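What follows is a short report on a single structure.
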Amino acid sequence: MRRPASPAPTRFLARRADLRRSVRLLGEFRFEQSAPDRFYGALAADTAAMVDELWRGATGTALDGRTVLDVGGGPGYFADAFAARGAAYIGVEPDPAEIHAGPTPPSGRSGTLVRASGLALPFADATVDVTLSSNVAEHVPDPWRLGNEMLRVTRPGGLAILSYTVWLGPFGGHEMGLTHYLGGARAAARYTRRHGHPPKNNYGSSLFAVSVADGLDWARSTGMLVAAFPRYHPRWAWGLTAVPVLREFLVSNLVLVLRPGSAPD
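FYI, in UniProt numbering the residues of the sequence shown are 1 to 265.
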């Protein structure tokens with residue numbers, strides 16, 4: 001007997017992933033340094049919408065009432081965005097300076113913020129519905145250990161969503177700009193000479209070269225991968241993820257969606 005097809009997690013997101021969304025999001029990046037509230041607020045709202053759509057596509061149910069564990073959640077912008085969708089939000093952030101980097105100290109009104117490392121999450125196995133990591137994997141020396149920790153704490157039938165900046169893409173160098181194509185160490189040294197201090201995202205210490213191929217290899221090795229797509233691209237460009245070499249330069253941010261076990265009750 002033929003088994004029914006699995007739900008497509010991206011079916012709702014694909015409807016919204018048009019060129020207008022891509023242009024709007026990419027336009028917000030210019031405000032990351034000058035107006036972080038604007039930038040992170042827009043990114044958080046789009047991220048919460050993406051997670052909601054992936055959850056509905058995979059499960060057929062609303063995100064409302066589900067627990068979302070955000071690894072590298074920062075100062076709380078994402079907490080507010082997920083609270084607006086009715087999710088119970090838990091943010092994990094190892095740096096206390098990042099936790100307090102927002103416009104106001106975290107109050108717990110929109111969720112819970114925990115100081116901890118994403119490489120050793122202080123949560124029991126299979127305890128949350130959704131684990132999310134947005135633009136964190138490129139900042140840790142072992143991104144797939146981070147991914148494995150996310151899978152460990154995700155309930156069967158839940159989703160683990162790992163989104164990261166690809167090193168050879170145009171934004172791989174972060175504030176170093178396109179100089180990362182000269183090599184990470186040279187780009188960091190050049191930035192230091194120009195600005196008188198090392199970049200916040202310093203190659204080899206707080207920024208690492210993560211590829212599309214490595215992420216896909218890891219995700220496929222788990223047997224849980226259900227979707228992979230470029231985060232900021234319109235739907236018609238998602239096929240770039242399947243093109244070796246070219247994808248490393250044109251997929252600026254890769255989203256890996258994994259689903260452990262069976263469907264939730």
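Note that the Cβ used here is the ideal one computed from N, Cα and C, for glycine as well.
Values in this document were obtained by computation on a predicted structure and should not be read as measured data.
Query, Result
"Taking 7 Å as the cut-off, is the beta-carbon of Ser133 closer than that to any non-hydrogen atom of the ligand MN?", "Absence of the ligand MN is noted for the structure shown, with no ligands found whatsoever."
"Pull up the CB-CB distance for Val251 and Thr241, whole angstroms please, since I reckon it's below 8 Å.", "6 Å"
"Please name the residue, chosen from Val114, Arg56, Thr67, Val212, that lies closest to Gly73 on a Cα-to-Cα basis.", "Val114"
"Which first and last residues belong to the beta strand (DSSP E) in which Phe229 is found?", "225-230"
"Three or more C-beta pairs under 8 Å: does that hold for the region 172-184 against the region 149-161?", "no"
"Per DSSP, which residues does Gly91 bridge with? Please list them.", "Asp70, Leu113"
"Leu258 by DSSP, collapsed to three states: which one?", "strand"
"Pair every Cβ in the region 184-201 with every Cβ in the region 225-233, then say whether three or more of these pairs are closer than 8 Å.", "no"
"Is Thr154 helix, strand or coil by DSSP?", "strand"
"Kindly list the residues whose CB is nearer than 6 Å to the CB of Gly215, restricted to its own chain and excluding five residues on each side of it in sequence; keep chain order.", "Leu254, Leu256"
"Within a Cβ cutoff of 6 Å, which residues of the same chain sit near residue 337, ignoring the five residues on either side of it in sequence?", "As shown, the chain starts at 1 and ends at 265. That puts residue 337 outside it, with no answer to give."
"Could you tell me if Asp70 is buried or exposed, where buried requires 16 or more neighbouring beta carbons within 10 angstroms of its beta carbon?", "buried"
"Could you compute how far the alpha carbon of Gly27 sits from the alpha carbon of Tyr40?", "12 Å"
"Drop a sphere of 10 angstroms on the beta-carbon of Ala124, count the other beta-carbons inside from all chains shown, and report buried for 16 or more, exposed for fewer.", "exposed"
"Compare the C-beta of Ala81 against all C-beta atoms of chain C and say whether one is closer than 8 Å.", "Looking at the structure shown, chain C is missing, and only one protein chain is on hand."
"Would you say Leu63 and Ala87 are within 8 Å of each other, going by their C-beta atoms?", "yes"
"Pro9: which of Gly157, Ala58, Asp52, Val210 sits nearest, CA to CA?", "Ala58"
"Beta-carbon separation of Arg235 and Asp46 under 8 Å?", "no"
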